[in-house]
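Numbered per my numbering, the sequence shown spans residues 601 to 706.
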Amino acid sequence: MKKLILIFVLHAFLAGCSGLNFPSVHKIGIQQGNIIDDEMTEQLFIGMSKSQVKYVLGTPVINDTFTLNRWDYSYRYISPNGELEKKSLTLVFNESNALKEIIETR
């Protein structure tokens with residue numbers, strides 16, 4: 601009888617532990633590239649100089665040595681639960697270094 605009671609108590613104890621969530625490794629979000637938010641892109645307008653654009657957005661992530669009139673800004677965020685958010689902004693300048701075109705992708 602004692603064995604039966606002991607088995608029952610152990611079974612109840614183990615069944616009670618099944619609902620526990622044990623702590624896992626803490627995960628943080630990972631940001632890569634230039635942070636591009638809507639306020640920054642709203643400040644851009646056609647005709648801005650390169651120095652004005654650099655003041656608003658910072659130094660471009662990709663500055664191609666063969667295409668000096670194109671700047672690329674890229675942003676990537678991986679949240680702790682694994683969701684991916686990507687934004688990229690391509691700015692094209694004319695021969696007088698004034699902003700000619702804004703290409704935004706999400």
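All residues carry an ideal CB built from backbone N, CA and C; glycine is no exception.
For F693, the CB contacts under 7 Å within the same chain, skipping 5 residues up- and downstream, are K650, N669, L699 and K700 in chain order. Counting along the chain, the unbroken alpha helix (DSSP H) around L657 starts and ends at K650 to L657. Only residues of its own chain outside the window of five on either side were considered, and among them Y677, I678, S679 and P680 have a CB closer than 7 Å to the CB of G629, listed in chain order. Between Y673 and I636, the C-beta gap is smaller than 8 Å, which places the two residues in contact. The three-state secondary structure of V625, taken from DSSP, is coil. Checking the DSSP bridge columns, you'll see D672 partnered with I662 and T690. Secondary structure of E685 (DSSP, three-state): strand.
E701: member of the beta strand (DSSP E) spanning L699 to T705, first to last residue.
In this structure L691 is in contact with W671, their Cβ atoms being roughly 5 Å apart against a cut-off of 8 Å. By the 16-neighbour rule on beta-carbons within 10 angstroms, V653 is buried.
Ranking V656, Q631 and Y655 by CA distance to the CA of K687 puts Q631 first.
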